[in-house]
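Q: Count along the sequence shown from 1, add 6, and you get the number used in our numbering.
Backbone N, C-alpha and C fix where the C-beta goes; we use that ideal spot for every residue, glycine too.
Nothing here was measured: the structure is a model prediction, and the numbers come from that model.
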Amino acid sequence: MPRPIWTGAISFGLVTIPIRVVAATENRNIAFHQVHLEDMARVRTKKVCDIDGQELGRDDIGRGYEVSKDTIVEITDAELDSMPLPTAKAIDIVAFVAAETIDPVRVGAGYYLEAAGQVAAKPYKLLRMALERSSKVAVAKFAWHNRERLGLLRVKDNAIVLHAMHWDDEIRSPEALAPKAVELTDDEVDAAIQLLETMARDDIDDYTDHYREAVEEMLTAKAEHRRPKPVEGEAPEQAGKVVDLMAALTASMESAKAARGETGDATVHDLPKKRAAKKAPAKKTAAKKTAAKKATAKKAASRKPRSA
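What follows is the structure, encoded as structure tokens:
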């Protein structure tokens with residue numbers, strides 16, 4: 007496991023759980039250097055003072071805030087660390103909510119929370135089991151990197167995971183991005199739903215980064231002075247090309263079935279429609295009810311025996 011990147015405690019109510027924060031993901035991107043094309047030497051980025059042109063080291067650089075065009079005030083790490091924030095050294099749980107109420111757009115990178123020592127084992131397990139059995143997630147506030155953040159705590163296997171979250175006012179509205187009004191037929195929607203069902207899976211654990219693999223092969227081939235191995239698969243068609251939507255959906259289903267090892271041509275069937283509820287018999291009107299009552303009374307009178 008990597009080294010902890012932050013230490014503190016989880017707090018909810020009067021319960022405090024000492025924890026260490028460990029990165030839950032790792033960067034697998036391929037890193038490139040900037041080089042001078044003439045001799046392939048590395049290009050370095052230097053930090054230089056605007057006034058005297060002197061190159062600066064890490065110890066010479068501080069943090070400042072521009073109050074106005076000609077005024078900058080210095081802010082030290084000690085000043086930021088001494089601010090009286092309750093979240094400075096704690097992940098303070100403020101609410102427990104249903105997971106489906108959290109907009110996934112607000113959820114960011116994940117971190118594992120590790121119980122810091124045996125004293126934290128019992129309250130850590132208590133919080134984990136409470137989250138599991140209640141099917142809820144915890145919303146918390148914490149301070150990292152000189153700012154207070156919103157967080158989400160959930161359970162993964164036997165560990166508690168902290169996700170950094172965006173504040174509500176940091177989320178842009180997607181209204182301006184919505185496409186113009188278009189017409190869709192029921193057949194097209196039904197076909198799209200059938201394609202979704204054809205492509206449904208129980209998990210996504212076996213997907214790999216083919217782009218990174220191709221770049222690694224290209225770099226290895228260059229280092230070994232050989233041609234890279236050809237990449238399997240076909241390049242996708244250019245975007246923006248007008249296609250027959252139903253034909254594209256049918257072809258997509260055929261391709262999805264072939265990938266799953268299924269045989270037979272894909273056909274689009276109408277989804278079962280809800281049956282219309284049977285209409286209740288019409289109620290008799292008041293006039294019909296009155297006429298029926300008079301007829302019944304007349305029959306009853308004719309059946310009575312006549313007096314002598």
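When the distance is taken between beta carbons, is L156 closer than 8 Å to V143?
A: Against a cut-off of 8 Å, the Cβ pair of L156 and V143 comes out as no contact.
Q: So is R134 buried or exposed if we call it buried at 16+ other beta carbons inside 10 Å?
A: Result: buried.
Q: What residue from E154, V161 and V188 has the CA that sits closest to H172's CA?
A: Of E154, V161 and V188, the residue nearest in Cα terms is E154.
Q: In chain order, which continuous runs of the alpha helix (DSSP H) of length 4 or greater are located wholly inside the stretch 115–145?
A: Correct list: 127–140.
Q: Hey, L119 and I166: beta-carbon distance below 8 Å or not?
A: Yes; because the gap between Cβ atoms is below 8 Å, this pair is in contact.
Q: What residue does the beta strand (DSSP E) around V100 start on, and which one ends it?
A: A96 to A104 is the span of the beta strand (DSSP E), which, as asked, contains V100.
Q: Alpha carbon to alpha carbon, how far is G114 from A37?
A: The straight-line gap from Cα to Cα measures roughly 22 Å.
Q: Whose C-beta lies closer than 8 Å to the C-beta of V221 among residues of the same chain, with five residues either side of it excluded?
A: Closer than 8 Å at Cβ, skipping near neighbours: I36.
Q: For the stretch 189–204 against the stretch 249–260, do three or more pairs of beta-carbon atoms, one drawn from each stretch, fall closer than 8 Å, so that the two count as touching?
A: Segments in contact, yes.
Q: Should V103 and L137 be called a contact, given that it needs their Cβ atoms to be closer than 8 Å?
A: No.
Q: I need the straight-line Cα distance from E106 to H169, nearest angstrom please.
A: Cα to Cα, the separation comes out at about 15 Å.
Q: Output the boundary residues of the beta strand (DSSP E) element that contains H17.
A: The residue asked about is misnamed: residue 17 is Ser in this sequence, not His. Run containing S17: W12 to F18, per the beta strand (DSSP E) assignment.
Q: Mark I5 as exposed unless 16 or more other C-beta atoms lie within 10 angstroms of its C-beta, in which case mark it buried.
A: Residue numbering for the chain in the displayed model covers 7 to 314; residue 5 lies beyond these limits and cannot be assessed.
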